[in-house]
Each structure stands twice: as C-alpha cells, then as structure tokens.
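Trainee: Mind having a look at this structure? Questions to follow.
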C-alpha cells in the first residue's frame, strides 16, 4: 500500500466576456519532476492532431485529440466541391457563439 498525498491550489483568472477558465497548480507526492517542480503540474487544455497512426496529412482524414485523450469528432460539409467546417451556433443568455468545428470560434453579441 502506498500513501500518496495530493493537493491543488486554484489560480484565479480574469473573466473575459463571461468565459472564466478554471486553472490550478496541482501537487501529487508520487509524481516526478517537471517545469513546475517535483510533484507539481498544471493541466492545460489543448487540441492536437492524432499521430498514433502516422504523420498527419492536414486533410479531412486527420483526427484530433483533446488534452484528456478524448478523440474529437471532425465535422466537415461539402460546399462547391470543397470541404468546409460545419458551423454550429450556440446561444447562452445574451451571447451567441458560432463554432466552426473546433478549429475556429467567432463570438457574436445577440441583439434583442
């Protein structure tokens, strides 16, 4: 049986247009040394092209992973013979977001 201690310190970030990211400095006594010190880490969200099946081709065949190793769906539609990102509009209170897959996000204020 091993006793491993853990602790996290929240890092307060400024809210930007209603979006407030969650970030913390994490400590785990059984973890190795890294740029934050022995046992410390910060989990940062990111999206990357999967490379476990080879070099990315930068086309519609590529797949993507998130920082927590979830495969993300690629949604493209064909317009005039070209593959373009599918646009999805989300509404949250007085704010709406146009999401072009997960590669590009445009913010728009909704007019009442």
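Residue numbers (the numbering used here): 50 to 161.
Cβ atoms here follow ideal geometry from the backbone N, Cα and C, with glycine treated the same way.
Since we're looking at a predicted model, the values are computed, not measured.
So for residue 85, helix, strand or coil by DSSP?
Mentor: Residue 85: coil per DSSP, three-state reduction.
Trainee: Among all the DSSP beta bridges, which residues are the ones paired with residue 75?
Mentor: Per DSSP, 57 and 90.
Trainee: What first and last residue would you give for the beta strand (DSSP E) that runs through residue 113?
Mentor: Where residue 113 is concerned, the enclosing beta strand (DSSP E) stretches over 113-115.
Trainee: At which residues does the beta strand (DSSP E) containing residue 97 begin and terminate?
Mentor: Its beta strand (DSSP E) spans residues 96-98.
Trainee: Find out if the Cβ-Cβ distance for the pair residue 75, residue 60 is shorter than 8 Å.
Mentor: Cβ atoms of residue 75 and residue 60: not closer than 8 Å.
Trainee: Could you check the C-alpha separation between residue 65 and residue 58 for me, to the nearest Å?
Mentor: So the alpha carbons of these two residues sit roughly 21 Å apart.
Trainee: Please name the residue in 80, 95, 93 and 112 whose C-alpha comes closest to that of residue 101.
Mentor: The option with the nearest alpha carbon to residue 101 is 112.
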